[in-house]
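Enquirer: If you use the numbering used here, the sequence shown corresponds to residues 769 to 985, in order.
Cβ coordinates follow ideal geometry from the N, Cα and C atoms, glycine included.
Before anything else, here's the structure in question.
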Amino acid sequence: MADRSSELDQLLEEQIAHYRAIAQEYEDHAIPFPGADEPSIALDAFRPVGTVLELACGQGLWTGQLLRHADEVTAVDASPEMLAIASSRVDSDRVRYMRANIFDWAPDRRYDVVFFGFWLSHVPLERFDSFWALVANCLKPRGRVFFVDDAYRTPEELVEGVASTTIRRRLNDGSAHRVVKVPHQPADLRQRLAALGWAVEVTPTSGPLFWGAGSLT
């Protein structure tokens, strides 16, 4: 058990290293998925008002949209390179940027909304329950959650086989890192969250993306 925990910690450190290294070329690797605009439309309909916590904010691609509704946003990421890009993209006194490893971070306040875009699939299944306990601990009473993700993995990434949730992703220079990529399916994810006490509707798009919106029951 201790060996597996140590292996998982090493994998998560490698995942952080990947996102630090890919920060300057992140958009080079974006895939034009069908239905890519649907989660954004859904987020506007959800209206993330009040105080919003954005976990794994990356380059701030969602931060500006959150600000269209929120009074203030706290944006957390483990990569200082990503945070530097995000803060230059969304330079606002209504955004507080924080560098932290989400797996060992605790909030200093509670929020009306917790949002994360393309992050849940990078949470190992072994940490799924504890991650959602963290989300619950970040929310005010009657707080809400919204997330966007996908289950897309290329054959070249599946270096440990289809059954594995560890994949390998390459940068433009050919260097590679292992990252977690759990291929959640909307119906299964809805059930898994219900077992933890969440009422979250997980909606597939016309492409491989999906979004989830809901709250604790």
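#1: Suppose the cutoff is 6 angstroms on Cβ atoms and the five residues either side in sequence are ignored; what does the same chain contact list for E849 look like?
#2: Can you name, in chain order, every residue of its own chain whose Cβ lies under 7 angstroms from the Cβ of L823, other than the five neighbours on each side?
#3: Have a look at L811 and T933 and give me their C-alpha separation to the nearest angstrom.
#4: Would DSSP call W830 helix, strand or coil?
#5: Between the Cα of H797 and the Cα atoms of L957, T922 and V927, which residue gives the shortest distance?
#6: Kindly indicate which three-state DSSP category E849 falls into: helix, strand or coil?
#7: My understanding is that G982 touches V913, with C-beta atoms under 8 angstroms, so please give their C-beta distance in whole angstroms.
#8: Since Q783 contacts V947 with CB under 8 angstroms, what's their CB separation in whole angstroms?
#9: Can you look up S863 in the DSSP assignment and give me helix, strand or coil?
#10: Taking contact to mean at least 3 C-beta pairs separated by less than 8 angstroms, is the segment 799 to 815 in contact with the segment 971 to 978?
#11: To the nearest angstrom, how far is the alpha carbon of E987 from that of R857?
#12: What are the partner residues of H945, as DSSP defines its beta bridges?
#13: Label G911 either buried or exposed according to how many other C-beta atoms from any shown protein chain fall within 10 Å of its C-beta, with 16 as the threshold for buried.
#14: Assuming W900 is part of the alpha helix (DSSP H), what are its boundary residues?
#15: Taking the alpha carbon of R960 as the reference point, which residue from T973, Q827 and F896 has its own alpha carbon closest?
#16: Select from A874, L851 and H945 the residue whose C-alpha is nearest the C-alpha of F899.
#17: What did DSSP end up calling Y879 once you bin it into helix, strand or coil?
Expert: Based on what the coordinates show:
#1: In the sequence shown, residue 849 corresponds to position 81, counting from 1. Hits under 6 angstroms: R788 and A791.
#2: As a position in the sequence shown, residue 823 is number 55, starting the count at 1. For L823, where only same-chain residues beyond five positions count, the Cβ hits under 7 angstroms are V844, I870, V882, F884 and W887.
#3: One-based indexing of the sequence shown puts residue 811 at position 43. One-based indexing of the sequence shown puts residue 933 at position 165. When rounded, the distance between both Cα atoms is 27 angstroms.
#4: On the sequence shown, position 62 is the one that residue 830 refers to. Coil, per DSSP.
#5: Locating residue 797 in the sequence shown gives position 29, where the first residue counts as 1. Looking at the Cα atoms, T922 is the closest of the given residues.
#6: Here residue 849 refers to the residue found at position 81 of the sequence shown. Helix at E849.
#7: As a working mapping, residue 982 is identified with position 214 in the sequence shown. As a working mapping, residue 913 is identified with position 145 in the sequence shown. G982 to V913, Cβ: 6 angstroms. Contact.
#8: For the purposes of this step, residue 783 is identified with residue 15 of the sequence shown, where counting begins at 1. For the purposes of this step, residue 947 is identified with residue 179 of the sequence shown, where counting begins at 1. Indeed, because the Cβ distance is near 4 angstroms, the residues count as touching under 8 angstroms.
#9: Within the sequence shown, residue 863 is the residue found at index 95, counting from 1. Residue 863 is actually Val in this sequence, not Ser. Of the three classes helix, strand and coil, the one that applies to V863 here is strand, per DSSP.
#10: yes
#11: With the chain represented from 769 up to 985, any question about residue 987 goes unanswered, as that position is not in the structure.
#12: As a position in the sequence shown, residue 945 is number 177, starting the count at 1. H945 pairs with R937.
#13: Within the sequence shown, numbered from 1, the residue matching residue 911 stands at position 143. Buried, because 16 or more other Cβ atoms sit within 10 Å of the Cβ of G911.
#14: Position 132 of the sequence shown holds residue 900. F896 to C906 is the extent of the alpha helix (DSSP H) around W900.
#15: Residue mapping note: residue 960 aligns to position 192 of the sequence shown, counting from 1. Selected option, being the one with the closest Cα: F896.
#16: Along the sequence shown, read from residue 1 onward, the residue named residue 899 stands at position 131. It is A874 whose Cα lies nearest to the Cα of F899.
#17: To locate residue 879, count along the sequence shown from 1; it is residue 111. Y879 falls in the strand class under three-state DSSP.
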